[in-house]
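Residue 1 is where the sequence shown starts when you use the UniProt record's numbering, and the numbers rise one by one after that.
Right, one structure below, let's go through it.
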Amino acid sequence: MPSRSHEIPLRLIQNRPETVAVLLREALGYPVPSHTEAVLTSPALTNCDPKEWNADGAVLLRDGERHVLAVVVERQHRPSTEKRFSWPAYLVTLYGRLRCPAVLVVLCPDRPSAAWCAGPIEIGHPGFVLRPLVIGPEQTPVITDPDRARELPELTVLSAHAHGDHDGRVLKALVEALDSAGETNRPFYYDYVLAGLNEAARKELEGLMSVETYEWQSDFARKYVGLGKEQGREQGREEGREAGRAEGREQGRAEGREQGWEEGIASSVLRILHKRGLTVTDDVRTRINSCGDLDTLNTWLDRALDITHTEDLFD
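As structure tokens, then:
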């Protein structure tokens with residue numbers, strides 16, 4: 001079962017797909033094309049049996065109805081020979097499915113894993129070499145401006161996790177980000193950052209989050225800082241749940257991850273229908289939002305780009 005440190009960075013992307021575009025531009029200097037929205041697309045990249053290819057995540061940047069960039073998102077903690085074969089397959093499959101330029105972004109927690117992941121992958125065909133776009137701690141943007149933190153809370157969480165040990169400004173920015181993150185996401189964003197800090201930085205963050213300092217944070221602080229942080233973690237390990245912190249572990253980490261992508265893709269289907277001016281009745285909205293099958297949602301996502309009547313989505 002994937003660990004929390006693997007899952008939460010991916011959930012940050014699920015919650016705000018535009019984070020991928022910001023990371024490409026600011027962390028890697030990639031020329032991100034002009035686009036009007038960033039939506040989730042299916043991370044299931046299987047083309048045929050028997051081999052299954054499932055990336056950790058995938059995001060599509062669109063300019064109106066035109067696809068401008070597809071992004072495969074992977075989280076990698078250690079070297080894996082298998083990834084040298086699966087990553088090119090992910091990229092080519094997404095390129096063929098969405099018919100637009102595609103890139104691979106790998107999120108790494110430390111310098112050694114980032115160095116390994118950045119190595120070129122020789123496919124064999126002349127000139128066909130995949131060089132993954134890797135974001136490790138050194139490439140992660142440093143977010144210290146309070147206004148920017150409130151605007152981009154997910155990016156600020158990544159910043160605090162990468163730089164919080166040695167830069168107290170990012171921890172102060174994190175508090176602002178948590179304020180704008182909403183009650184659902186706030187607990188597991190906080191817990192993810194706290195778990196990755198050294199002792200001194202952890203105490204500094206807990207002080208910033210004290211009830212006396214931030215009145216808006218009072219209920220949250222009592223529950224997660226003052227009274228039960230460690231108990232909540234233990235309960236999460238025993239039950240496979242977040243104990244109120246991580247939405248993705250409320251029904252188990254694996255189930256939460258799949259559910260997160262289902263909800264995100266359902267939202268993308270509805271957004272595309274709306275952007276194209278197609279009528280979405282309450283029944284249609286309910287049917288899309290209640291669908292729990294990732295393959296079906298992916299089919300609807302593809303159809304939503306081309307259909308002329310909403311009813312054709314389900315044919």
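Note that the Cβ used here is the ideal one computed from N, Cα and C, for glycine as well.
query, result
"CB-CB length for residue 356 against residue 164, believed under 8 Å", "Since the first residue of the chain shown is 1 and the last is 315, residue 356 is not available in this structure."
"Under the three-state DSSP convention, the category residue 204 falls into", "helix"
"Cβ neighbours of residue 273 in the same chain (closer than 6 Å, five flanking residues each side left out)", "280, 304"
"Within 8 Å, strictly: CB atoms of residue 34 and residue 78", "no"
"Span separating the alpha-carbon of residue 312 from that of residue 267", "18 Å"
"Inter-residue spacing [alpha-carbon to alpha-carbon] between residue 150 and residue 18", "14 Å"
"Helix, strand or coil at residue 22 [DSSP, three-state]", "helix"
"Segments of 4+ residues assigned as alpha helix (DSSP H) that fall wholly inside the stretch 56 to 99", "83 to 98"
"Buried/exposed call for residue 82, threshold 16 Cβ in 10 Å", "exposed"
"Beta strand (DSSP E) segment containing residue 151, residue limits", "Note, residue 151: premise wrong, no beta strand (DSSP E); alpha helix (DSSP H) at 146 to 151."
"DSSP-derived helix/strand/coil call for residue 138", "coil"
"Reduced DSSP category for residue 328 - H, G, I as helix; E, B as strand; rest coil", "Because the chain spans 1 through 315 in this model, residue 328 falls outside it and cannot be assessed."
"Helix, strand or coil at residue 121 [DSSP, three-state]", "strand"
"With 16 other Cβ atoms within 10 Å as the buried cut-off, status of residue 161", "buried"
"Closest Cα partner of residue 343 within the set 154, 111, 119, 157", "Nothing about residue 343 can be read from this structure; the chain reaches only from 1 to 315."
"Expected contact under 8 Å - CB spacing of residue 30 and residue 130 to nearest Å", "Actually they are not in contact, since the Cβ atoms of residue 30 and residue 130 sit about 15 Å apart, beyond 8 Å."
"Residues that residue 54 bridges to, as DSSP identifies them", "44"
"Three-state class that DSSP yields for residue 278 in the structure shown", "coil"
"Backbone secondary structure at residue 104 - three-state DSSP", "strand"
"Closer than 7 Å: residue 150 CB and nearest the ligand ATP heavy atom", "Looking at this structure, you won't find the ligand ATP or any other ligand, since it has none at all."
"Chain-order list of residues whose beta-carbon lies under 8 Å from that of residue 285 (same chain, five-residue window excluded)", "270"
"For residue 183, three-class secondary structure by DSSP", "coil"
"Closest by C-alpha distance to residue 123, when choosing among 142, 115, 157, 84", "84"
"Range covered by the alpha helix (DSSP H) that runs through residue 131", "Careful: residue 131 lies outside any alpha helix (DSSP H) and carries neither H nor E."
"C-alpha gap between residue 174 and residue 23, whole angstroms", "17 Å"
"For residue 32, the three-state DSSP class (helix, strand or coil)", "coil"
"Proximity to residue 42 [Cα-Cα], best of 109, 12, 142, 71", "71"
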